[in-house]
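Trainee:
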Amino acid sequence: MLTAEVFVGCRRQRHLDFAICGKQPHRLPWLRCEKHLRREPEMFGTKQDLLDLIRDCHQRDIWVMMDVVANHMGIAPGDPEDLSGFVPFNESWHYHTHCLIQDFMNQTEVELCRLFNLMDLNQTEPWVRRTLLNWIADITREYGFDGYRIDTAVEVEKSFWSEFWASSGVFMLGEANNGDRTCYTGGYQGPLPSVLNFPLYWAMRRAFNERQPMTEISKSLEAQAACFSDLTVLGLFADNHDFPRFLNLSYDTTLLSNAITYVLFGEGIPLFTTAQSRNTTAATTPTAENPSGQTTTLTLRCTSQKGAIQDVLALNFEWIEASDCELLRYPRCRRNVLVSCSPTAFTCSVVILNSSSAP
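All letters in the sequence shown, in the order written, are residues 1 to 359 by UniProt numbering.
1. Output the boundary residues of the beta strand (DSSP E) element that contains G147.
2. Tell me, to the nearest whole angstrom, how far the beta carbon of H94 is from that of C113; I am working on the premise that it is less than 8 Å.
3. What does the alpha-carbon distance come out to for the pair I217 and G186?
4. Could you say which of L236, H241, L249, T281 lies nearest to L264 if we only look at CA atoms?
5. Where does P359 land, buried or exposed, given buried means 16+ other C-beta within 10 angstroms?
6. Put F265 into one of helix, strand or coil per three-state DSSP.
7. Roughly how many angstroms separate the alpha carbons of P80 and D138, rounded to a whole number?
8. Thinking C-beta only, is F243 closer than 9 Å to F208?
9. Can you find the residues in the same chain that come closer than 8 Å, C-beta to C-beta, to Y188, ignoring five residues on each side of it along the sequence?
10. State the start and end residues of the unbroken beta strand (DSSP E) segment that holds V64.
11. Which residue wins for smallest C-alpha separation from N122, given the options E91, Y143, P193?
12. Just the Cα atoms here: how many angstroms apart are D230 and L200?
13. When the distance is taken between beta carbons, is G144 closer than 9 Å to I54?
14. Taking the beta strand (DSSP E) that M204 belongs to, which residues open and close that run?
15. Measuring only the C-alpha atoms, how far is A226 from L115?
16. What does the Cβ neighbour count give for N197, buried or exposed, with the cut at 16 atoms within 10 Å?
17. Report the three-state DSSP secondary structure of Q294 (helix, strand or coil).
18. Quick one: Cα of G45 to Cα of D239, how far?
19. Just checking my contact of L221 with F228 at CB under 8 Å: how many whole Å lie between their CB atoms?
20. Near S250, what residues of its chain come up, given a Cβ to Cβ distance below 7 Å and the 5 sequence neighbours on each side ignored?
21. Can you tell me which of the three DSSP states residue 361 falls into?
22. What first and last residue would you give for the alpha helix (DSSP H) that runs through L115?
23. When DSSP builds the beta bridges, which residues end up paired with Y95?
24. Three-state secondary structure (DSSP) at Q189?
25. Where F164 and R130 are concerned, what is the direct C-alpha to C-alpha distance, given to the nearest angstrom?
26. Between R206 and chain D, is there a C-beta pair that is closer than 9 Å?
27. Does DSSP put F237 in a helix, in a strand, or in coil?
28. I need the straight-line Cα distance from F171 to P191, nearest angstrom please.
29. Taking C183 as the reference, give the member of N279, Q224, T140 with the closest Cα.
30. Using the Cβ count rule (16 or more neighbours within 10 Å means buried), how would you classify A166?
Listed below in structure tokens is the structure:
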């Protein structure tokens with residue numbers, strides 16, 4: 001039963017309007033590279049659709065958290081320095097001087113330079129700062145969001161986040177990750193009310209994926225007690241969209257179940273990432289962010305081969321001829337697939353099981 005203490009994370013990003021993320025053009029909604037600060041993305045429905053969703057959630061005591069970005073905009077197609085299509089930040093002085101983050105241990109560089117060449121907003125400019133603060137206040141009032149996930153929190157100076165939080169008037173959960181550095185991450189709780197518990201995430205990877213002693217978790221918790229002001233509001237998670245998924249690192253659903261159990265009963269707010277419930281084995285971004293966990297090929301990479309076979313065999317499905325099946329164009333180790341492997345090519349062809357064999 002969902003209660004008022006449960007957030008539904010709504011990764012409903014603004015449409016890229018053909019902006020470019022990284023080196024390739026994308027039209028993928030999960031990439032946070034906007035060109036227009038306020039335009040409603042038609043591909044996700046209308047403004048009224050979102051208002052109706054939030055209203056219906058609130059009627060069921062479900063809180064709605066929106067994923068927002070105040071660190072950067074997108075990249076203009078063609079000339080990356082062409083700002084004419086950006087709204088409202090269409091002047092060069094709205095951004096930091098062009099440089100790329102090369103050393104993530106250099107905090108000045110992290111805050112002033114670009115991540116993947118994304119246009120890095122200069123929040124020290126009074127007009128830029130005021131526009132962002134007014135924007136978060138406006139959308140909170142307009143939509144009634146109960147909280148926000150703050151993207152790339154470590155790439156903006158902390159004093160801005162204090163004002164951003166105050167302007168919103170609601171809960172915020174910052175993505176404050178820059179390696180396995182407990183007190184570095186803890187430094188962002190204060191400017192923001194909460195952050196994702198990346199220190200515990202890295203400890204869980206060591207304990208569960210790398211089979212190191214479970215004391216890795218207890219040691220992490222002891223270190224956190226000295227670096228965080230309130231562990232009860234930190235976001236706990238076993239999977240993250242920016243890193244290889246749990247089952248990509250070690251395909252063992254029992255281990256994953258144990259990790260999820262800790263997320264559910266540990267001190268903090270449990271978070272679950274898209275496609276985790278379908279045992280996704282995604283490896284990299286944007287693949288790890290793919291909300292469907294799908295691939296557009298009939299061949300799975302050899303890294304997923306063992307897991308796919310285990311998934312099928314464990315269910316005792318009847319083996320059937322490929323000629324009797326409809327080919328599945330978007331396989332990803334699902335529970336209603338039959339896997340035929342080539343030991344020489346290290347690949348797996350995937351077909352749908354017939355209806356009599358499906359669960």
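Don't be surprised by glycine CBs; every beta carbon is placed ideally from N, CA and C.
Mentor: So, from the listed chains and residues:
1. Run containing G147: 147-150, per the beta strand (DSSP E) assignment.
2. Contact between H94 and C113 does not hold, since their C-beta atoms are separated by about 16 Å, which reaches or exceeds 8 Å.
3. Rounded to the nearest angstrom, the two C-alpha atoms are 16 Å apart.
4. It is L236.
5. Since pLDDT at P359 reaches only 33, below the 50 mark, its modelled position is unreliable, and no value is offered.
6. In this structure, F265 counts as helix in the three-state DSSP scheme.
7. Computed Cα separation, rounded: 29 Å.
8. Annotated as distal: F208 and F243, with beta-carbon spacing of 9 Å or more.
9. Cβ neighbours of Y188 beyond the five flanking positions: A153, V154, K158, W161, G174, A176, V195.
10. It spans 63-68 - the beta strand (DSSP E) in which V64 sits, taken as one unbroken run.
11. That would be E91, whose Cα lies nearest to the Cα of N122.
12. When rounded, the separation of the alpha-carbon atoms in D230 and L200 is 14 Å.
13. Yes, the Cβ-Cβ distance between I54 and G144 is below 9 Å.
14. Bounds of any beta strand (DSSP E) do not take in M204; it lies within the alpha helix (DSSP H) bounded by 198-204.
15. Roughly 30 Å separates the two Cα atoms.
16. Buried, by the Cβ-count rule.
17. Because Q294 carries a pLDDT of 41, less than 50, the predicted location of this residue cannot be relied on, and no value is offered for it.
18. In this structure, the CA atom of G45 is about 28 Å from the CA atom of D239.
19. With a Cβ gap of about 10 Å, L221 and F228 do not count as contacting.
20. Excluding positions up to five away in sequence, the list reads N209.
21. Beyond the ends of the chain as shown, which are 1 and 359, falls residue 361; an answer cannot be given.
22. Boundaries for L115: no alpha helix (DSSP H) harbours it, and the DSSP string shows neither H nor E there.
23. Paired residue(s): L121.
24. It is a strand residue.
25. If you draw a straight line from the Cα of F164 to the Cα of R130, it comes to about 10 Å.
26. Checking the listed chains, one finds no chain D in this structure; it contains a single protein chain.
27. Looking at F237 - three-state DSSP - the assignment turns out to be coil, as it is neither helix nor strand.
28. Taking the straight line from one Cα to the other gives about 12 Å.
29. By alpha-carbon distance to C183, the top candidate from N279, Q224, T140 is Q224.
30. Exposed, since its Cβ has fewer than 16 Cβ neighbours within 10 Å.
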